[in-house]
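If you read the first sequence in the numbering used here, its first letter stands for residue 488, the second for the next number, and so on. Even for Gly, the Cβ is constructed at its ideal location relative to N, Cα and C. To keep things clear, I will list the structure first and then write my remarks on it.
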Amino acid sequence: MTSPTKGARFSDLCRTLEAVASVRGRNEKVRLLSEYLAGLPRDALPIACRFMAGTGGKTNVGWAAVNDAVREVFDTGPGAIRELYLSHGDLGVLVQELMKGGKKSVPLQREELTVPGLQAAFDELAKAGGRGSVERRKKVLVGLLLQCSGVEAKYLIKILSGELRTGATEGTVLEALGKAFAVGRVRDWYLILGDVGALADRLASGDVSEPSPRAFTPVAFMLPLPLPDARSAMAHFGKPVFGEHKYDGVRLQAHRFQEGVKLYSRRMEDVTASFPEVSSALSSLRVSAILDGEVVGFDAGRHIPFVKLQQRLHRRDVGKRMMEEVPLRYYVFDLLYLEGRSMLRSPLAERRRALEGLDLGGDLRPADRFHVEDEAQAEERFRRSRKEGYEGLVLKDPGSGYTPGRRGGLWVKLKEEMDTLDAVIVLAEWGNGKRAGLLSDYTFAIWDGGDLKPIGKAYSGLTDAEIGEMTLALQKIKVGDVWNGIVVKPAVVLEVAFDSVQRSARHSSGFALRFPRIKAVRRDKRPEDADTIEKVRSLYESTGA
DNA sequence: GTGTATCGCTGCC
DNA sequence: ATCAGACCAATTCGG
DNA sequence: CCGAATTGGTCTGATGGCAGCGATACAC
């Protein structure tokens, strides 16, 4: 027996996660989590929260890295690993299963893993770079696995691969924190601090004053609730609302302070370097402010399609050429902070008024805004937005404060579904996690002359029961195997919905679909009734993309 | 040794 | 991004 | 009026296409 370990043992965290995963109700999960969190030492609390919420950040560890490490620690071949993965659909469970067979070797000295210790190891994994870094990462992973018990190994891998599957993520951890520290305003604080870890730390510090937005700490984003049409949207609000175009670009939060300008993406990444024009335009603003809006490609008086904008996203260095090729506009639709004052609790109408008083100009401009009184106006506005080339319409409650997530549906988005396609399943792949053992992902094709050419994959839209039936049906018409699935005889016709058609080299049809989903299984149609490449081409051309 | 293609991971929608 | 499923609190229904 | 059934709000999990970056594998 080792001496009592100071601080938070990883094994305790694992025990808690096991318990959380094993109970069904959310309330029960919250109770278990809050009991655990309340007893944690201060240094471990934020880390444990991030681990449990799955917001620990990038680890550079995925399937391949785990596979490599596992083959070093256990006496197994690729075949056995593949088989175990197929039957469980979870890397963590796979490792736990392998642990039952024992490791190749044991460490000279077993050390108790602690939560902060693990964080240090994860930092090492995330930071490792340069020649030989793959090997170094493998060493770290192998070292950790050698110290782990079965359950620890399972959760180690689950945390690293970002697939916890305990039925509790950020929302539940937040609730548990509120309960553990008996604070009701946790949601509001979370919005401002933007991270469960930072929130936990503040709670633990005993500081009960409400935080205020701060320079260069991104605020969690408010998101719209998707609704199918103008009628349901107006029924949802039951009163006049503000309307804005739905711009097809990327969400951007701008911090403009004396010390400088920084830009944040939806995942709250610092993306300042990707948008130098936006930064410099903001520099000339005379006030300190936090703005929320959408960056859109804009050239020669026209908005350019997202696929084009995509080509300059994520670039560490945006060259002059890119800046000329894909010019930008930043449409600002919200103001979260102005001259030392938080605007989060101010109603939208007031935030907009303040925003429109800011004198934005050039490529920096307030988003168009209009009043929508009733369903007919909503419908008319939506049509007009679509005709002018926007993705759709966003409706907002003018009296609402700025709140994180979709909560409350205070913002609602309306998009338009394109025409659907009837396509034939030609290949099916095995699912992961709760879809282990099921053929859950279907590659479908359309006719090009006498040939079936794949045009996309879809996994969503079917019920669990339908996926089950599909698995049986497809196995009956299997004609071959591929790496993660089976090739099938063209027989099953799907009606597939999507948002737009793109040119693409991914599929041999030369096209791909944006946001494909299964609308229906067309049992009434035979494969020869599926749509043709001519229809796809005309859909592509009609969108003007 | 240099240049290029591919893989693995991540983050936009 | 998308969708389905599960849970929970609040509201409505049936007697 | 009480307990049961229904509804609406939220959260969770499984996965789509495109693209960059960094490390490594491969061609010469």
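If you scan the stretch 631 to 667 from start to end, which runs of the alpha helix (DSSP H) of 4 or more residues do you find wholly inside it? 637 to 648 and 657 to 667
Pairing CB atoms from the stretch 567 to 574 with CB atoms from the stretch 594 to 607, are three or more of them under 8 Å? no
Thinking just about the alpha-carbon of each residue, which of Lys-900, Ala-687, Val-988 and Pro-792 is nearest to the one in Met-721? Lys-900
Counting C-beta neighbours from all protein chains within 10 Å, is the total for Pro-491 16 or more, i.e. buried, or is it exposed? Because the pLDDT of Pro-491 is 47, which lies under 50, any placement of that residue in the model is unreliable, and the number read from its coordinates should be weighed accordingly. Answer is exposed; the Cβ neighbour count stays below 16.
In this structure, how does DSSP classify Val-673 when only helix, strand and coil are distinguished? helix
Length of the line joining the Cα atoms of Ser-775 and Lys-749: 12 Å
Taking contact to mean at least 3 C-beta pairs separated by less than 8 Å, is the stretch 941 to 951 in contact with the stretch 886 to 895? no
Every unbroken alpha helix (DSSP H) inside the stretch 747 to 794 [4 residues or more]: 763 to 770
Along the chain, where does the beta strand (DSSP E) containing Lys-883 start, and where does it finish? 879 to 883
Taking C-alpha atoms, which residue in Ala-556, Cys-635 and Lys-641 lies nearest to Arg-623? Ala-556
Taking DSSP as the reference, what is the three-state secondary structure of Asp-850? coil
Under the assumption that Lys-902 contacts Lys-733 (Cβ atoms under 8 Å), give the Cβ distance between them as a whole number of angstroms. 7 Å
Pull the bridge partners of Arg-1004 from the DSSP assignment, please. Ala-984
With distance defined between alpha-carbon atoms, name the residue in Gly-512, Arg-511 and Glu-505 nearest to Tyr-523. Glu-505
Proximal residues to Leu-1026 (C-beta, below 7 Å), its chain only, five neighbours per side dropped: Met-905, Asp-906 and Val-988
By the 10 Å Cβ neighbour count, where 16 or more other Cβ atoms means buried, how is Phe-1002 classified, buried or exposed? exposed
With contact counted as at least three CB pairs below 8 Å, one residue from each stretch, are the stretch 923 to 937 and the stretch 961 to 978 in contact? yes
Contact check, Phe-561 vs Lys-590, beta carbons under 8 Å: yes
Could you check what DSSP says for Glu-903 in three-state terms: helix, strand or coil? coil
Which residue spans inside the stretch 938 to 979 form an unbroken beta strand (DSSP E) run of at least 3? 938 to 945, 965 to 969 and 972 to 975
If we ignore side chains and look at the alpha-carbon of each, how far apart do Asn-919 and Pro-834 end up? 43 Å
Check whether Gly-886 and Ala-836 have beta carbons under 8 Å apart: yes
Does the count of Cβ pairs from the stretch 692 to 706 and the stretch 652 to 660 closer than 8 Å reach three? no
Starting from Pro-603, trace the alpha helix (DSSP H) both ways and give me its first and last residue. 602 to 614
Where the beta strand (DSSP E) through Asp-935 begins and ends: 926 to 935
In whole angstroms, what separates the C-alpha of Gln-745 from that of Asp-786? 31 Å
Answer yes or no: do Ala-495 and Val-602 have a C-beta to C-beta separation smaller than 8 Å? yes
Based on DSSP bridge pairs, tell me the residues matched to Lys-733. Gly-879
Boundaries of the alpha helix (DSSP H) in which Phe-561 is found, first to last residue: Where Phe-561 is concerned, there is no enclosing alpha helix (DSSP H), given that its DSSP letter is neither H nor E.
Taking Asp-909 as part of the beta strand (DSSP E), name the residues at either end of that continuous run. 908 to 917
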